[in-house]
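Numbering (my numbering), first residue to last: 637 to 1412.
Ideal Cβ positions, reconstructed from N, Cα and C, are used throughout, including at glycine.
What follows is one structure encoded as structure tokens, with my remarks underneath.
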Amino acid sequence: FVGPATTNCSASNAAIPTTGRPNGAIYSYWDDTFVNAESSIRADVRGSAPNRRFVIEFRNLHYFEDTSRRVDFNIVLFENGEILTQYRNLANDGRETGDSATIGIENHTGQDALRFSFNESALATEPAVTSLRYRPPPLPPSHAVSGHVRDSDNQPIADATVTIEGTPITPATTDANGFYSFEQLPEGTYDATASATGCNSPQTRELVVSGPTTLDFTLPRRSDAFGHTCELEEAPFEEAQTILPITGDGGVGTIDLPFPFTFYGFTYTRTHVCANGFIEFVGPESTNCSSVNAAIPTAGRPNGAVFPFWDNLSVDEQASIRADERGAAPNRRFVIEFRNVFFPPNTSLRVDFNIVLHENGEILTQYRNIANDGRERGNSATIGIENHTGTDALRFSLNESVLAPEPAVTSIRYRPPPLPPSQTVSGQVRDTGDRPIANARVTIEETPITPATTDADGFYSFPSVPEGTYDATATARCNRPQTNRLVVSGPATLDFELPQLTEALLIPDSSNDRVMAFDATTGDLLDADYIPHDPAANLSTPQHIIPNLDEDGYLLSDQLNDVIYAYDLEGNWLGVFAPAGGTDTSILDNPRGIGISPDRTLLATVASGGNAHAVAEFDAEGEFIGNFIDNEAGGMQGPWFFLFRDSDILVSSVTSSAIHRFDPDGAPLGIFHGPIAFPQQMQELDNGNILVANFSAPSGVWELEPDGDLIDVHTGVTSTRGVYELPNGNILTTNSGGVHEINRNDTLVETKISGVSAHQITHVQLQECEAPADAP
């Protein structure tokens, strides 16, 4: 009885009572029975009030995969609450007489039951008919309960739900006047809750039923933790005229705001517009324009967003997204209108809605031309607002048909609380020699405030930071970062003094298409965006970065784009270096490890394509000059990384599951170590031992003797890719979950950064950085 409609129609019976569903149930014959063309389930009303009976008959059912044994049984519900179950045409067979069935009744919580039998042959065989009658005890009197649900302005709330907690009683729904009623409720004391979608919070009140009872509710205004509230209002729909170049399903565009807009305490000057019915302030420009809506708040992007109608929407030639400024300062409005967008692939369902950003921080979202259709009214949409971290939100609705059909216009206004004052923050970034650092980046942590960049004299400034206490971090390419406490209670000054840095560990991150820098001594993160994401580069799976042949820039292998890219010392993308002329999978396909030969040529592993299972060689111009190690030489397949030693070369190979050994000219010398399931990066230690990041079982960092014998497997983390021994003897390693420090006792010491897909580790001298003693 308690449902929901998708009841747990399990074929596996159980002893009752049990809290697992089904509950609130009559088990006339719970077994693995089946209805086929010769069977049926029937229902009819018999008799007249107040002595009606409702008969549900299961006729000629058979058991699953056993059509030879068949049974008839029924359930008869009496108007006075009695229940009759009957059984006929039962053969003298244990299964038919109930030896794998549950027979009885159970309450709605699964905590009380009257069990007639459980897996017992308790029913009489034909021609007898077994009839079981269940009689309820005398029940307490029942009475009508009714009342009204209103908002904090004493206005009626339609379509609110009133629930009698802890009972299976079907909730009541209010009418247009906010009125609800229950026809019969047994005497007793209950908790009753009234709830409504939109801008009202639920209210729970004690309900005492001893006769006809009235219980009214006044629902308080809903708010988020920050203090936003919302309300419905009457207002004409605001249109915009300037069409934005955002089309299709999932199109995104970034637009500047005509005035600074403060949202959850932080001020923005631009926003990213997604065709799937929302705007996101925090970005980046490659916003997560997902067509799959979600409950908010949620830490997953999009964040810092206004969701007027987050659903799977599309903009075709009959639709548009528009934006315009309205009004004059200090009461300007910025209107972003979604006009005639549709729900793919159904081009007949179309809606209009907008977002109106007010200069005072208020937000209005409006809806028009809404058909009386669940999809158009919001039954698969998220409507609301969410902060920049996805930890706080004011949700108006989630997958509910809450929008009024045409000709009505629904208008929802979100109001922010009074905000703390904002102040200017400024300062200077210097090195330990008291020299100003230009182009340093200062970030106010855990905020969406755009980082500031220092000028030629090392000065930076933030024009508007809300009062409060923060951590602020200064980073520069040639210096270790520094984090200082920032207290803003008035105009604030915060200076930084950064130690010089001349070496680093560079690690590509394929989840964000960038290169990260880590401290070569401690393994700590120096700069997550040492080479930042560049849409022009269109990286796919960056694997390995090294200094270039002239040591005046970097080379980066891209496993899926099948090329090696060039960057300058400042991290600017210069284009494809090899193969010269661009992608050519007959030469280079699926490259991973790259390096410089003793002859100052570029070498790259080739795992696929027309030149598969080789180490290719390129000259100083990126021209292919042949294979340094021939295809499948010595059985090598799927080469990943190579390591030059004094008298030989080691190549880790994932398809041949081995580390192969070659002489300095590339001729095979046999297997150095194997089998090893999926070896990736290797490092030779000062004592001659070899560390190997092994991705597959047994996963971890393998340590081998100089002759290839296994010493140990260090398993602080799994699915390892990159490896580097730190000066303290611990090991820095990478995987799809981040960059980690482990020790040789199989313990994770520290995760340096999580949530990134990190690859091979390269120790570099920062060529653009002068040592302090050499600086003028």
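- For Gly1374, the uninterrupted beta strand (DSSP E) run begins and ends at Gly1374 to Ile1378, by DSSP.
- Remark: three or more beta-carbon pairs, one from each stretch, lie closer than 8 Å, so the stretch 1382-1396 and the stretch 1178-1191 are flagged as touching.
- As a beta-bridge residue in DSSP terms, Asn1371 pairs with Gly1374.
- Taking Asp1345 as reference, the option from Pro1304, Ala1110 and Ala1294 with the minimal CA-CA separation is Ala1294.
- Straight-line spacing of the CA atoms in Pro807 and Ile800 works out to 7 Å.
- Membership of Leu1384 in the beta strand (DSSP E) is indicated by the continuous run Leu1384 to Ser1390.
- Bounds of any beta strand (DSSP E) do not take in Glu1187, whose DSSP letter is neither H nor E.
- Beyond the five residues adjoining it in sequence on each side, Thr878 comes within less than 7 Å, by CB distance, of Arg958, Ala959 and Asp960 in the same chain, given in chain order.
- Bounds of the beta strand (DSSP E) holding Pro944 are Ala941 to Trp946.
- When secondary structure is reduced to three states using DSSP, Gly1245 falls in the helix class.
- For Thr1219 against Val1199, the beta-carbon gap comes to about 6 Å, under 8 Å, which counts as contact.
- Looking from the CA of Phe970, the closest CA among Val977, Asn976 and Arg962 belongs to Arg962.
- Ala1128 has its alpha-carbon roughly 16 Å from the corresponding atom of Thr1090.
- Around the Cβ of Arg986, a 10 Å sphere holds 16 or more other Cβ atoms; the residue is buried.
- With a beta-carbon spacing of about 5 Å, His1296 and Met1272 fall inside the 8 Å limit used to define contacts.
- About 13 Å separates the Cβ atoms of Ala1243 and Ile1230, ruling out a contact at the 8 Å cut-off.
- Each of Pro804, Thr810 and Thr1027 was checked against the Cα of Ala794, and the nearest Cα belongs to Thr810.
- The Cβ-Cβ distance between Val1359 and Val1337 falls below 8 Å.
- Pairing Asn1208 with Ile1167, the inter-Cα distance amounts to about 8 Å.
- Residue pairing of Ser1033 in beta bridges, as defined by DSSP: Ile1019.
- Pro944 counts as buried, since at least 16 other C-beta atoms from the protein chains shown sit within 10 angstroms of its C-beta.
- Taking the CA atoms as reference points, Leu1137 sits about 36 Å from Thr907.
- Around Phe974, the same chain offers Ile957 and Phe989 as residues with beta carbons nearer than 6 Å, after the five sequence neighbours per side are excluded.
- When the alpha-carbon of Ala1044 is set against those of Thr1083, Gln1002 and Asn1075, the nearest one is in Gln1002.
- For His864, no beta strand (DSSP E) segment is defined, and its DSSP state is neither H nor E.
- Remark: three or more beta-carbon pairs, one from each stretch, lie closer than 8 Å, so the stretch 708-715 and the stretch 680-698 are flagged as touching.
- Counting along the chain, Tyr1201 sits inside the beta strand (DSSP E) bounded by residues Val1199 to Asp1204.
- Within the same chain, Ile1265, Phe1278, Leu1279, Arg1297, Phe1298, Asp1299, Pro1300 and Gly1302 come within 8 Å of Ile1285 by CB-CB distance, once the 5 residues on both sides are set aside.
- For Ser1355, the closest C-alpha among the options Pro1342, Ser1335, Asn1364 and Ile1347 is that of Ser1335.
- In this structure Leu1185 is buried. Its beta-carbon is surrounded by 16 or more other beta-carbon atoms within 10 angstroms.
- Judged by DSSP secondary structure, Val798 falls within the beta strand (DSSP E) whose first and last residues are Thr797 to Ile800.
- In the displayed model, Ala1092 falls within coil according to three-state DSSP, outside both helix and strand.
- Annotated three-state conformation of Ala1303 is coil, per DSSP.
- When Ile1232, Pro1215, Pro1234 and Val1287 are compared, the shortest CA-CA separation from Glu1259 is found for Pro1215.
- Separation of Val1287 and Ile1307 (C-alpha to C-alpha, rounded to the nearest whole angstrom) is 10 Å.
- A distance below 8 Å between beta-carbons, with the five flanking residues on each side excluded, links Glu1081 to the following residues of its chain, in chain order: Tyr1106, Asp1107, Ala1108, Thr1109 and Thr1119.
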